[in-house]
Structures are given as C-alpha cells and as structure tokens.
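Okay, structure first, notes after.
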Amino acid sequence: APAAPPAPLGCDDPESEAAAEVAVSYINDNIHHGYYFALNRIENIRVLPQGLNNDIIFLELELLETTCHILNPTPLENCTVRSFMDHAVEGDCDIKMQRLDGKLSVLASKCHSHADSSKDLIKVCPDCPLLTNLSNTEVLTTVTAALNHYNSKTADAYLKLIEIGRAKIQYHPAHVVFSEFAVAATNCSAAEAKVNVENCQLLPDDQSNFGFCTATMVTRPSQDLTVDCKLYGHQVSTPDPGVFYCPPGQDTA
Amino acid sequence: SVANRAVAEVAQHDKVPHPVGFVPPPPPCPGRIRHFKI
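These protein sequences, in sequence, are chains A and B.
Under this note's numbering, think of the first position of the first sequence as -16, with each following residue one higher.
Under this note's numbering, think of the first position of the second sequence as 3, with each following residue one higher.
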C-alpha cells in the first residue's frame, strides 16, 4: 500500500517558522525604500511534494513595519516594530519557496503594504496623528525647513535628502507635522554648501555615509521646529538613491 | 419510547469523554501573533 501523505504543516510548526524566517530575510533584502518589516503572523502554509527531498512551499505572511529604515545597519532582530498608536503599516506577502535537500530558497514573492485603518486608530486614540501622503505640501515644507535648519547649525558634512519615509499630521489640540527622512552626507562641508550648493554631490557608493532624521513642526497655536539627525557611519552597500519616496500601498514583486 | 431510548444510547456511546487536563490542539493556521492583532 502507498505510504500515507505527511500531515499538513501547521503555521506554528518549526518548519513553517524556518521558512518564514528565510522569506522575511529575502523580502527585507529586496526592499528599496522605507523600512524593514518584521514577521507578525504566518497566515497560511501549503507544501506540495515534488519528489524525494524536494518540496514547493507556499507561504502567506503578515508583516509589520519596524522603525529601522533600510539604510539603518541595525540587524532586524534589534529593530522595534512600530506600535499600533504610531499608525502602523502592515504588509501582506505571498511567497513561493523551494525546499531542496533541506535547503530553503525563495522562488517568487509578492507583497502589498498598507497603513492600518485610521478609523480604528481614532477609536482608541482620538488625538493621535495620522499617517499622511508623503507628497503633502505641509510634509514637504517641514522636511525642507528641517534639513535646512540642520545644515545651518552643523559644521560637519552637508546633508542631502535621500527619501521621506514617513509623515503624520496631528490637528488637535495643536497642528503638528511629524516627518522622518533618510539623508546622505555630501562631499561638501555645510560652509562650502553655502557658497555653491550645486557643487555638493553625494559620495560614491563605497564611501557613502547615510543617516536618518526626525522633524517636528508645530504651526498652531505657536510655531516651532525641531529636528534630530543621526548618521549611521560608513556603509558598503547602498540602494539606488534616485527615487525620492515610495508611499505605502504599492505592490512589489 | 423503546426506539427513542436506543437512539439516545447510541448517541451517548459515540461521545468519548476527554481525559482530565486535555487541551484541544490549536488550529493549524493562522499561527500565533507575535506583536499585535491588526
């Protein structure tokens, strides 16, 4: 009699978790904008035996955005998942994998990311700021003012904007714009940039020094701007800095 | 009433009681939530 088929894998089985770990690592290695994602839940797993020691695995994963921008060299396990109150962004991914002689590899993946429901957040926290479009005029104004302010105060390298990662606006009790953006050092000092900013170029990839800034601009009842930037230090590999931003809600394959 | 009792006895017989301390296994999917429910 033929052998009985193996019992289907459960989503919390060690084999499923091992596959999910490989898949999340693959997804994060292929993100070109925004923040790293961490696993929240394995939604489903199906294993299709192809022959001896050869399986095709279909995984459905629910991911959550972390606070680590992709230019941040911090290992994923040390990155904090954004809280619900921070208006979390989730990612739903379908991944096709192969397990050949016990070795897992990703054959294909498709992810869709989107912000959690604003209505759900407002129910819990009526005054919490909500995520807004990255091309919002107030957001662009805040980022420009913040970077100019930072560059005017530092004697170090002149920083250029790489991409805006996140932006939120709070309307009550004060009108506040919160933004986060990635930057990179140029070959100019801030003083040199004042003379001719056009001459300031990003450093070559192998000398790049990226950083990350947070800025808060209050416009009502009074006006105030605060900005904080941290440089990560020299890194070897870099993404393509040619595109400014990639808002949540885009499919990637 | 005899027929009714027979049916009732069969139904009772099919129901195997769980041993003391039995915890039903969790559904195989979806898996556990690591951070928070969306």
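Ideal Cβ placement from N, Cα and C applies to all residues, glycine included.
Name the residue from the options whose alpha carbon lies nearest to the alpha carbon of residue i.
i: A/N116; options: A/K86, A/L142, A/I147 and A/I105; result: A/I147
i: A/T202; options: A/T49, A/Y215, A/L54 and A/F161; result: A/F161
i: B/G33; options: A/L42, A/E181 and A/P204; result: A/L42
i: A/K102; options: A/A129, A/F67 and A/S135; result: A/F67
i: A/Q206; options: A/A1, A/I28 and A/T125; result: A/T125
i: A/A174; options: A/D188, A/L208, A/H52 and A/T137; result: A/T137
i: B/P30; options: A/N13, A/I14 and A/I25; result: A/I25
i: A/C51; options: A/E60, A/L44 and A/Q33; result: A/E60
i: A/F20; options: A/L31, A/P(-3), A/P58 and A/V166; result: A/P58
i: A/P32; options: A/M80, A/D69 and A/C212; result: A/M80
i: A/N55; options: A/G194, A/V210, A/Y154 and A/E(-2); result: A/G194
i: A/K86; options: A/H15, A/A140, A/Q184 and A/N36; result: A/N36
i: A/D12; options: A/P(-9), A/I53 and A/E48; result: A/I53
i: A/A165; options: A/D139, A/E(-2) and A/A150; result: A/A150
Since residue i sits in a beta bridge, which residues does DSSP pair it with?
i: A/A1; result: According to DSSP, A/A1 bridges with nothing at all.
i: A/K93; result: A/D77
i: A/A21; result: A/L47
i: A/Q153; result: A/V159
i: A/C212; result: A/C196
i: A/K143; result: A/A167
i: B/F38; result: Answer is none; B/F38 lacks a bridge partner.
i: A/A98; result: A/V72
i: A/V201; result: A/V159 and A/D207
Within 7 Å: the Cβ of residue i and any heavy atom of the ligand NAP?
i: A/K106; result: Of ligands this structure carries none, so the ligand NAP is not represented either.
Which whole-angstrom value describes the C-beta separation of residue i and residue j, a residue pair presumed to lie in contact below a C-beta threshold of 8 Å?
i: A/V159; j: A/T120; result: Not a contact, Cβ separation roughly 15 Å.
i: A/S92; j: A/Y18; result: Not confirmed; about 17 Å, so no contact.
i: A/L142; j: B/R36; result: With a Cβ gap of about 35 Å, A/L142 and B/R36 do not count as contacting.
i: A/L44; j: A/A71; result: Contact flag wrong, Cβ pair sits at about 15 Å.
i: A/C62; j: A/Y133; result: With 8 Å as the limit, A/C62 and A/Y133 do not qualify as a contact, their Cβ atoms being about 24 Å apart.
key: Under 7 Å (Cβ pairs) to chain B, residues found in the region 62 to 83 of chain A   = Listed in sequence order: V64, F67 and E73.
request  = Check distances from the C-beta atoms of the region 32 to 46 of chain A to those of chain B and list, in chain order, the residues that come in under 9 Å.
outcome  = So the close ones are E43 and E45.
message = By the 8 Å beta-carbon criterion, what residues does the region 196 to 215 of chain A contribute toward chain B?
response = The residues in question: there are none.
Interfacial residues, the region -2 to 30 of chain A to chain B, with Cβ spacing under 9 Å = Here the close residues are S(-1), E0, A3, A21, L22, N23, R24, I25, E26, N27 and I28.
message = If the cut-off is 8 Å on Cβ atoms, which residues from the region 45 to 59 of chain A count as contacting chain B, listed in chain order?
response = If you check each beta-carbon in the region 45 to 59 of chain A against every beta-carbon of chain B, the ones closer than 8 Å belong to E45 and L47.
message = Taking beta-carbon pairs under 7 Å, can you tell me which members of the region 137 to 150 of chain A lie near chain B?
response = Within the region 137 to 150 of chain A, no residue qualifies.
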